[in-house]
Amino acid sequence: MEREFDLIVIGAGPGGYVAAIKAAKLGMRVAVLENREPGGTCLNRGCIPAKAMLHASGLYREMKEAERFGIFAENVSFDYGKILAYKEATSAQLREGVAQLIKANGAELIYGTGTIVSKGVVKAVTKDGEELLKAKNILIATGSRPLRLPIPGIELPGVVTSDELFQLTEAPERLLIIGGGVIGVEFATVFSALGTKVTIVEALPRILANLDKDFAQNLKLILKKRGVEIVTGARVKSLSAAETGGAGGLVCTFEEKEEEKQVSAQYVLSAVGRVPETAGLFGEGFSLSMERGRILVDENYQTSEEGIYAIGDVTGGIQLAHAASAQGVVVAESLAGHMPSVRTDLVPSCVYTEPEIASIGINEGEAKEQGIEVSCGKFMMGANGKSLISKEERGFIKVIADAKTGRVLGAQMMCARATDMIGEFGTAIANELTVGDMLLAMRAHPTYNEAVGEALEELAGGSIHSMPRKK
Ligand code: FAD
Ligand code: AMP
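Each number in my numbering comes from the position in the sequence shown (counting from 1) with 53 added on.
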């Protein structure tokens, strides 16, 4: 059997399913192929399950600390199996919603593997057999999978990636995390809250190395206070089975300041990055231009082959769900002859630690590197009423503006609700607003959001609730 569509999307993660729905809304006949579950990594093995576990573990920690608010919760405990069931039910609900939305918008969801046979032709292999699908345009949105460090011992039982960590049936007594990137620090937050002894070993001089250095400094202190051991500037060399077994069943050998050291753990999480997924994607004799496993695309997300596009994690770059979705929207719009409705170059970065971390646009260091003269307004959350009410950890909001024009160029925040509040700066930067434009809007009291206003005021002569700077 052979069928024809306007667009065939391979992969129904946040890149692919959003592109498919958008294209269908714009009148295209769309087929979307998925060989695991609709929602991709994000709904099934990434953002959503990780945030569900952060929510549950955060709640447990808060309940144990409720005495600070005059509340006594005795014998607070958790059932790890039930936390997993809640996480899975959340993913399942969203997964089913995605499948329904695809169908309701008139796109066809095909459960099977898509292989590009030639330009315009995709072979779909489903449980019922093979089918050839044809379309003028093909969109690759096959995502990524966890990278396994090529070191001795990586194959030992108990050494897991984020995929398997979600499947553990018990909270580890001791967990060693290789990599202090976003995934590493989020899992450190989850398991330290549940009482696991967590150690992070990071090769670079600081955790969250891709973000503003103020985040790393503050988060390191907060995690240490919660019992997390953090070793930076230390490269993991090998893993081996401990002779004694038990909770310290694995031994990790790492090099720190040219000295070999060891730490033992029950489980080891390899959180050292992700690799683009192209397994089974290309038929015999067919290929696209690639670089270190990622599919190369131009500014319109077109690959080296006309009519074949790629978006999201499979293209490397910023591996975030909302970036993949925005790229999907733009490709669908462009195929339908529309102008892009969203800027794909302005991507908020969010880390769901406690407190949350969020960043958009440029930071002070990047401005310096790029030779842009900027002013920086910083407000400490210790002077924010809402943060005092809820006894938040140390935090801040920083705003970066062009020194001459006052145009807002970036913002970095580490505080409660940072991942929601960063949206205000996304709107401002995308619309080229100045500090003055943003200050025209009054912010409600008492809110965390007031601190956004205060950081902006710092750029406009000094905020009301900060001590005046020495002249
Ligand atoms: P994916 O979501 O990986 O989807 C690709 C889909 O294509 C998969 O379902 C795959 O099975 C399918 N597929 C692959 N090959 C084929 C084929 N040949 N035929 C048919 N189907 C195929 N991002 C955020 O923005 N916020 C977060 O909080 C966040 N947290 C994360 C936490 C963890 C633990 C992890 C691992 C990731 C997290 N991410 C987060 C990253 C986010 O999950 C990814 O950036 C996002 O899922 C990428 O979307 P995508 O559509 O490119 O690919
Ligand atoms: P991310 O790029 O955000 O996924 O984070 C992965 C982190 O893992 C980076 O900060 C890397 O520096 C770190 N990393 C990679 N290889 C090693 C290693 N062998 N030992 C310790 N950390 C590593």
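Built from N, CA and C at the ideal position, the CB exists for glycine as well.
Cβ neighbours of residue i in the same chain (closer than 8 angstroms, five flanking residues each side left out)
i: Glu-226; result: Thr-249, Lys-250, Ala-300, Gln-319
i: Glu-359; result: Lys-172
i: Thr-487; result: Ala-454, Thr-458, Gly-459, Arg-460, Val-461
i: Asp-265; result: Ser-412, Asn-416, Glu-417, Gly-418, Lys-451, Gln-465
i: Leu-274; result: Arg-447
i: His-375; result: Pro-67, Val-400, Pro-401
Residues bridged to residue i [DSSP beta-bridge criterion]
i: Asn-190; result: Leu-60
i: Lys-250; result: Arg-227
i: Leu-86; result: Ile-63, Ile-163
i: Leu-185; result: Glu-55, Lys-176
i: Arg-534; result: Nothing in the structure corresponds to residue 534, since the chain is present only between 54 and 524.
i: Met-343; result: Ile-348
i: Glu-282; result: Thr-252
i: Pro-329; result: Ser-197
i: Gln-355; result: Tyr-362
i: Phe-335; result: Ile-169
i: Val-213; result: Leu-322
Cut-off 6 angstroms between Cβ atoms - residues of its own chain near residue i, not counting five sequence neighbours on either side
i: Val-254; result: Ile-231, Val-284, Ala-287, Val-289, Phe-307
i: Thr-368; result: Arg-347, Ile-348, Val-350
i: Met-54; result: Glu-184
i: Val-404; result: Val-235, Ile-410
i: Ala-76; result: Leu-60, Val-83, Ala-385
Closest by C-alpha distance to residue i, when choosing among the options
i: Ile-169; options: Leu-493, Gly-333, Leu-274, Val-212; result: Gly-333
i: Gln-465; options: Met-434, Asn-416, Glu-446; result: Asn-416
i: Leu-112; options: Leu-373, Ser-245, Ser-340; result: Ser-245
i: Ser-215; options: Glu-313, Ser-291, Ala-324; result: Ala-324
i: Pro-521; options: Leu-493, Ile-475, Asn-502, Gly-430; result: Gly-430
i: Cys-95; options: Glu-344, Val-151, Asp-490; result: Val-151
i: Gly-2; options: Gly-302, Met-106, Ser-443; result: The chain is shown from 54 up to 524; residue 2 falls before or after that span and cannot be answered.
i: Lys-421; options: Ser-130, Ala-456, Asn-97; result: Ala-456
i: Ala-363; options: Gly-336, Glu-330, Gly-338; result: Glu-330
i: Thr-179; options: Pro-258, Gln-380, Glu-87, Thr-397; result: Glu-87
i: Asp-267; options: Arg-447, Gly-66, Ala-513; result: Arg-447
i: Ala-84; options: Asn-128, Ser-110, Lys-176; result: Lys-176
i: Ala-497; options: Gly-514, Ile-475, Gly-438; result: Gly-438
i: Ile-193; options: Ser-110, Met-106, Thr-222, Gly-381; result: Gly-381
i: Val-174; options: Glu-311, Ile-63, Lys-75; result: Ile-63
i: Asn-97; options: Ile-61, Ala-109, Ala-142; result: Ala-142
i: Ala-481; options: Gly-280, Gly-463, Gly-80, Tyr-164; result: Gly-463
i: Arg-201; options: Arg-114, Met-81, Leu-322; result: Leu-322
i: Gly-336; options: Thr-166, Glu-426, Leu-272; result: Thr-166
Neighbourhood of residue i by C-beta distance below 7 angstroms, restricted to the same chain and skipping five residues each side
i: Phe-122; result: none
i: Phe-432; result: Phe-449, Ile-450, Ala-504, Glu-507, Ala-508, Glu-511, Ser-516, Ser-519
i: Glu-445; result: Pro-408, Met-434, Cys-468, Ala-469
i: Pro-102; result: Lys-140, Ser-144, Phe-219
i: Arg-327; result: Ser-197, Arg-198, Pro-199, Leu-200, Asp-366, Gln-372
C-beta neighbour in chain B for residue i, strict 7 angstroms
i: Val-350; result: Chain labels in this structure do not include chain B; a single protein chain is all it has.
- Entirely within the stretch 291-322 and at least 3 residues each: give me those beta strand (DSSP E) ranges in chain order. With a minimum length of 3 residues, the continuous beta strand (DSSP E) runs that stay inside the stretch 291-322 are 303-309, 312-318.
- Message: Please enumerate, following chain order, all residues with a beta carbon closer than 7 angstroms to at least one heavy atom belonging to ligand 2.
- Response: Checking every Cβ against the heavy atoms of ligand 2 under 7 angstroms gives Leu-202, Ile-204, Ile-231, Gly-232, Gly-233, Gly-234, Val-235, Ile-236, Gly-237, Val-254, Glu-255, Ala-256, Leu-257, Ala-262, Asn-263, Ala-287, Arg-288, Val-289, Phe-307, Ala-324, Val-325, Gly-326, Arg-327.
- Message: Please give me, in chain order, every unbroken run of the beta strand (DSSP E) with length at least 3 that falls completely inside the stretch 367-418.
- Response: Residue ranges of uninterrupted beta strand (DSSP E) with 3 or more members, entirely inside the stretch 367-418 and ordered along the chain, are 402-404, 409-414.
- Message: For a minimum of 3 consecutive residues, which ranges assigned as the beta strand (DSSP E) are wholly contained in the stretch 425-495?
- Response: Scanning the stretch 425-495 from its first residue to its last, the whole beta strand (DSSP E) runs of 3-plus residues come out as 427-433, 449-455, 461-468.
- Query: Which full runs of the alpha helix (DSSP H) of 4+ residues lie inside the stretch 106-177, going along the chain?
  - Reply: Within the stretch 106-177, the runs of alpha helix (DSSP H) at least 4 residues long that lie entirely inside it are, in chain order, 133-157.
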